[in-house]
Structure formats: structure tokens, C-alpha cells
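Enquirer:
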Amino acid sequence: MTRSAGWLALAGLLAFLVLYPIGWLVLESVRDEAGALTLENYRAAVTTPAFRTPAVNSFVLATSVGLLSVLIAIPMAWAIARTDMPWRGLMRVLVFGSVVTPGLLTALAWIILAGPNAGVLNKWYRALTHSTGGVNIFTLPGVTFVAVLECYPFAFLLISGALTLVSADMEDAASILGSNTRRTLLNVTLPLVMPAVLAGFILSFLEALTLFSSPAMIGIPARIFLLTTEIRALFEFPRRVGVAAALALPLLLVTVGLLWLQARLLGRRGYATVTGKGGSRRLIHLGWGRWPMFGFCLLVLTCSAVLPYIVLFLYATARTWSEPLGVGNFTLDHFRTVLFTSSAAQRAIRNSSILALTAATAASALGALIAYIVERRLLAGGPVLRLLAMAPMVIPGIVFAVGLFAGYTRPPLALYGTLWILFIAYLTKFLPYAFMNTAAAVRAVHPELEEAARIAGAGALGAFRDVTAPLIRLGVLASWFIVFIYSLRELSASILLFTNRTTVIGVTILDNYEFGSWRVVSALGCLLLAVNLAVVAGAYRFVGGSFLGGARE
Numbered sequence: 407m408t409r410s411a412g413w414l415a416l417a418g419l420l421a422f423l424v425l426y427p428i429g430w431l432v433l434e435s436v437r438d439e440a441g442a443l444t445l446e447n448y449r450a451a452v453t454t455p456a457f458r459t460p461a462v463n464s465f466v467l468a469t470s471v472g473l474l475s476v477l478i479a480i481p482m483a484w485a486i487a488r489t490d491m492p493w494r495g496l497m498r499v500l501v502f503g504s505v506v507t508p509g510l511l512t513a514l515a516w517i518i519l520a521g522p523n524a525g526v527l528n529k530w531y532r533a534l535t536h537s538t539g540g541v542n543i544f545t546l547p548g549v550t551f552v553a554v555l556e557c558y559p560f561a562f563l564l565i566s567g568a569l570t571l572v573s574a575d576m577e578d579a580a581s582i583l584g585s586n587t588r589r590t591l592l593n594v595t596l597p598l599v600m601p602a603v604l605a606g607f608i609l610s611f612l613e614a615l616t617l618f619s620s621p622a623m624i625g626i627p628a629r630i631f632l633l634t635t636e637i638r639a640l641f642e643f644p645r646r647v648g649v650a651a652a653l654a655l656p657l658l659l660v661t662v663g664l665l666w667l668q669a670r671l672l673g674r675r676g677y678a679t680v681t682g683k684g685g686s687r688r689l690i691h692l693g694w695g696r697w698p699m700f701g702f703c704l705l706v707l708t709c710s711a712v713l714p715y716i717v718l719f720l721y722a723t724a725r726t727w728s729e730p731l732g733v734g735n736f737t738l739d740h741f742r743t744v745l746f747t748s749s750a751a752q753r754a755i756r757n758s759s760i761l762a763l764t765a766a767t768a769a770s771a772l773g774a775l776i777a778y779i780v781e782r783r784l785l786a787g788g789p790v791l792r793l794l795a796m797a798p799m800v801i802p803g804i805v806f807a808v809g810l811f812a813g814y815t816r817p818p819l820a821l822y823g824t825l826w827i828l829f830i831a832y833l834t835k836f837l838p839y840a841f842m843n844t845a846a847a848v849r850a851v852h853p854e855l856e857e858a859a860r861i862a863g864a865g866a867l868g869a870f871r872d873v874t875a876p877l878i879r880l881g882v883l884a885s886w887f888i889v890f891i892y893s894l895r896e897l898s899a900s901i902l903l904f905t906n907r908t909t910v911i912g913v914t915i916l917d918n919y920e921f922g923s924w925r926v927v928s929a930l931g932c933l934l935l936a937v938n939l940a941v942v943a944g945a946y947r948f949v950g951g952s953f954l955g956g957a958r959e
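Be aware that the sequence shown starts at 407, since it is given in our numbering, and climbs by one per residue.
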């Protein structure tokens, strides 16, 4: 096969994976049930009050989450990246723990803690105050609170990355002129990283706008409906795929526009004091102030990472939740139900394991191939390959699922009802992460090493096998771990594409929650968390600490 033929085949595969479902999404939004062209779906989406209210709720939630995420991320990122606050390394690991914790489980943990009637915190509050008050998680502020816990790590990663590149020279100059730490932070450091702050707001806004887990578990019981939950409702009988597509397409356009703006902001280089080379970087000594900062960071991380793990384990292992915890109230029956009794849970674990293994392997292999071709400029169409490989990043999972459903439920590609449609969804959705990680690894290997191997008599394939492949293996391995973790807990696309035979862990957790089987949900969630932590530990062991900063959903 010639190079041009290989380029066309690879570009065709990527274009098909990405553009085929998007094409069907657009087409389905302008067709009626008979297949005739119409704008009725958009009219219904715009004029029907049942759809307007979720749209308003979604943008209110996303704006609130974006602002709160940035307000939390700025002091946390500054304290962890630039100060002498104690336990900074552990704090960074816990932030990553928040990223890999499925939103479903965070939502369930806070329902157990802050439910209006039987919530643990409410029981403690009433026992201490002898009152009937308390908090109610089933409100829009409750949904916002849990959504912030899911979204603030993305703003943190962007802002902390920018802070680590800020030279201390200007901060030292401000100190010489009499500025204290607070004034230096507000007047010097913060303006320098403002592009990253704005980009963090945009990313958190988009994550909240397309969030499904906490709105489904907390919002629906409170009758707080969002666009994502309405799209799912439109797939219940009778399905209204056209209206769902008309609701999903604006989400895609908003996502594309804001991510373009984010790229422009992060691409600015007008702040020359933020550089990759030169300039000293030192830790800022907070004195006694490091302990309040430590307390703030610990509070946030306890809410987002520590409490969910503790609460779910205790809830899954307690015979009776209302009784005091102890040996007599300890049981593993709920784990036995999940592993040995519940056929639905066993089927979900099996399907998710198959999908995670195959999607991680395929995405890391395809991502490595594309990254090598693009970074080594082996084909004239490299920029097009890069664009196609990165395109799924701008497509929200539930939006992509609508397109996949529209495109793969009719001959000749009638894949609905099989694991293949979920495999295609996972492979396409997570391919950008595999590509980005491997591309960074390929860029780190200078082409001169391959050229030296060729001079020594090795062919192009031999030079890649003996020189490049061993040097980029950690990047490929990191890609595999990242895709595996996110595939194992995927929900937003799966919720529209599963059947009883192809159910996965995320869908089974949500179904059991809606049926009231919270103990089974907790046990299955604990198993999922345990696997996630084991995979993260393996990734850290084989790939190193860079893995903790390289994964984002």
C-alpha cells in the first residue's frame, strides 16, 4: 500500500468514526418520522415550555458551576503549586482522585449525607440542635454543589499548570516595592494567569452544561430538569429522536464555540513573564497562613474525594444504616449480591470490562499510529489527521450518543443492541486523550535518534521498533490506563445506547438507584472505585507521576 493510500484509509476511518454520527445528528434534527425535511423539531425545542425551562436551568447551573469552580481552583492551585503549604503532594493526588471518581458515586454519597429525611448530616444536626431543620440536597443549589465537586478539578489543572510556569522575578519585584503576599497574588500573579483562569471557567462551564449523572440522580427527583436529562427522557417510549437531535445540536455548537475561545485564550503569549524556560520559581512562605490554606484545601478535597469513598463503603457494609456502626452491624451480603447473585450486575461488570479493555487497546494503538504520523510529518495530510483525532473532544457524550443512535439503528450498520455500538462510542470519545498523550511522548523523542538508526542500516520500521517504540511506550501505556478508567465508568453516551443485554456499570448503578436498591449501588460503586484506584496505582507505578497531570475527561 502506498503512502497516499494509507493516508486516505486512515483519514477515511477517522472521518467515518467522527462525521458519520454527526451527519446523522444534523439530518435527524430536520426530518420528521416519515423522513421528510422539516423544522418542526426545532420549533418544538424552542417553543415548548417543557424544553425551555430545562435550557434555562442548564445555563444557570453551568454558569454557577463555572464561577464557583474557578473561585475554588484559584486558591487551591496557588497553595499547591506555589506555596510551602504542607502535604501539597498528597493534595494534588486527591485532586486527581476527584477526577477519576465517577460523578454517579459522588452524587449518591451526598444524597446519603444530605438527604432531607434520613441524611447523616441532617440527623447529626437535629440531634445536636434539637431542631427539625437541616439541608436538602434535592434542590438546584444541591445539584450545583455536587456538580462543582465534579468540575472544579478541571479548572484546577489548567490554573495550576499556568502557575508553575510563572517566574518569581516580578513577584520579587513587587515584594521589594513593599507589596505583601496577598497584594502580590491579586495584582501580579493572578493577572499573569488570567487566560488560564478564563479557560478554566469555560471548561468547567461546558462540563456542567453537558453533565448527566448528578442532574439525573438529584435533579430529576426534585423535578429540576436539564437539557441532558430531557434528551434522555426523549429516548423513552415513544422515542422522539428528531427533537432530541434538535436539543443536542445547540449543545454541540456552544461546546465548539467555547472550546475555540478557550484555545485562543490559552494560546495567548502576550504575558512574556510566563515561559517554559528561564526565570526562577520559588515557594512562597506563608508562615502561619499556610494552615488556613491547608484547612481550605482539605475541606474541598474531603467533600469531593474522601467523604464519597468513606460513605459508600460504610453504606455498602452496614446491615442497618440506622444502627451504630460496628462488628455486629457489618456485612458483605451486598457485595455477594453484586458478584454472585444479581445477573444484571454480573452482566454489567462483564460488558464494561470487555468494553474498557478493547476500547483502551484500540484507542491507544490508533492514537499512537496517528501521533507518530502527525508528529513525524510522514504524510502531507497530517494536520487533517490531527483535526479528526481531536474532533471528538468537542462533542459532548450524550450529543454524540444521539448521532450514534440515529446512524447505527438502520441497515447496513444496524449495530444497536450490540456491544459494537458502545465500543465505537468509547473508542471515538476517548481517542483524543490517547492521541494527546502519545503525541507528547513522540515529540519528546528527537528524530535524530531514528536517523542514526537508519544510518546504521535499520529500515524505517526497524528504526521505529528499536528506537522510537521503546521510548514512547510509557506514553502509550498512560493512554491505555486513561481510556480504560474512563471507559469503565462511562455513562453519558451509554445511557442512550444500551439494551438489557448490553448494559454497563454506569447504567446499572443509575437503574438500581432509581429502583431504590441503594445498597447494591453502593457495593457496585465500591467495586468500581477499587478497580479505578488499582488502575491508577498501576499507572503511577509504571508511568510515573506525570500520569496524575495528564488525564482529563
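Backbone N, C-alpha and C fix where the C-beta goes; we use that ideal spot for every residue, glycine too.
So which of K529, T550, M482 has the shortest CA-CA distance to A628?
Expert: Of the candidates K529, T550, M482, the one whose C-alpha sits nearest the C-alpha of A628 is T550.
Enquirer: Among the candidates A533, T489, S620, whose CA atom is the shortest distance from the CA of E920?
Expert: Checking every option, the nearest Cα to that of E920 belongs to S620.
Enquirer: If we count the other Cβ atoms within 10 Å of its Cβ and call it buried at 16 or more, is F887 buried or exposed?
Expert: buried
Enquirer: Taking the DSSP output, what are the residues bridged to R437?
Expert: L443
Enquirer: At what residues does the alpha helix (DSSP H) containing G548 begin and finish?
Expert: 546-569
Enquirer: Alpha carbon to alpha carbon, how far is G685 from L571?
Expert: For G685, the predicted structure reports a pLDDT of 48, less than 50, and the residue's modelled location is therefore unreliable. A value from the coordinates is still provided. Looking at the two C-alpha atoms, the distance is approximately 9 Å.
Enquirer: Return the chain-ordered list of same chain residues with a C-beta closer than 7 Å to the C-beta of A451, the five sequence neighbours on each side being excluded.
Expert: F457, V649, A652, L653
Enquirer: Return the chain-ordered list of same chain residues with a C-beta closer than 7 Å to the C-beta of F562, the five sequence neighbours on each side being excluded.
Expert: Excluding sequence neighbours, F562 sits near A479, M482, A483, V501.
Enquirer: Quick check on the burial criterion: 16 or more other C-beta atoms within 10 angstroms. Buried or exposed for R638?
Expert: buried
Enquirer: If you follow the alpha helix (DSSP H) that H740 is part of, which residue opens it and which one closes it?
Expert: 739-742
Enquirer: Let me know the secondary structure DSSP gives A858 once reduced to three states.
Expert: helix
Enquirer: Checking 8 Å against the spacing of the C-beta atoms, do R792 and P853 come in under that value?
Expert: no
Enquirer: Can you tell which of V937, N938, V744, G787 has its C-alpha closest to the C-alpha of R925?
Expert: V744
Enquirer: Threshold first: 4 residues or longer. Then list the alpha helix (DSSP H) segments lying entirely within the segment 609-682, N to C.
Expert: Segments of the alpha helix (DSSP H) lying fully in the segment 609-682: 633-639, 647-672.
Enquirer: Straight-line CA distance for S770 to M842?
Expert: 10 Å
Enquirer: For R688 versus P492, is the C-beta distance shorter than 8 Å?
Expert: no
Enquirer: Going by beta carbon distance, what residues of the same chain come within less than 6 Å of P522, once the five residues before and after it are set aside?
Expert: So the qualifying residues of the chain are N542.
Enquirer: If you reduce the DSSP assignment to three classes, tell me which class I891 lands in.
Expert: helix
Enquirer: Below 8 Å, how does it come out for the segment 825-832 and the segment 757-777: are there three or more Cβ pairs, yes or no?
Expert: Per the Cβ contact rule, the segment 825-832 is in contact with the segment 757-777 (3 or more Cβ pairs under 8 Å).
Enquirer: Any idea if L423 is buried or exposed, counting beta-carbon neighbours within 10 angstroms, 16 or more meaning buried?
Expert: buried
Enquirer: With DSSP run on the structure shown, which of helix, strand or coil describes F904?
Expert: It is coil, neither helix nor strand.
Enquirer: Excluding the five sequence neighbours on either side, which residues of its own chain have a C-beta within less than 6 Å of the C-beta of S885, listed in chain order?
Expert: S770, G773, A840, N843, T844
Enquirer: On the criterion of 16 or more Cβ atoms from any shown chain inside 10 Å, does H536 qualify as buried, or is it exposed?
Expert: exposed
Enquirer: Based on the DSSP output, what are the partners of I804 in its beta bridges?
Expert: Its beta-bridge partners do not exist; DSSP assigns none.
Enquirer: Which stretch, first to last residue, makes up the alpha helix (DSSP H) that contains Y832?
Expert: 825-849
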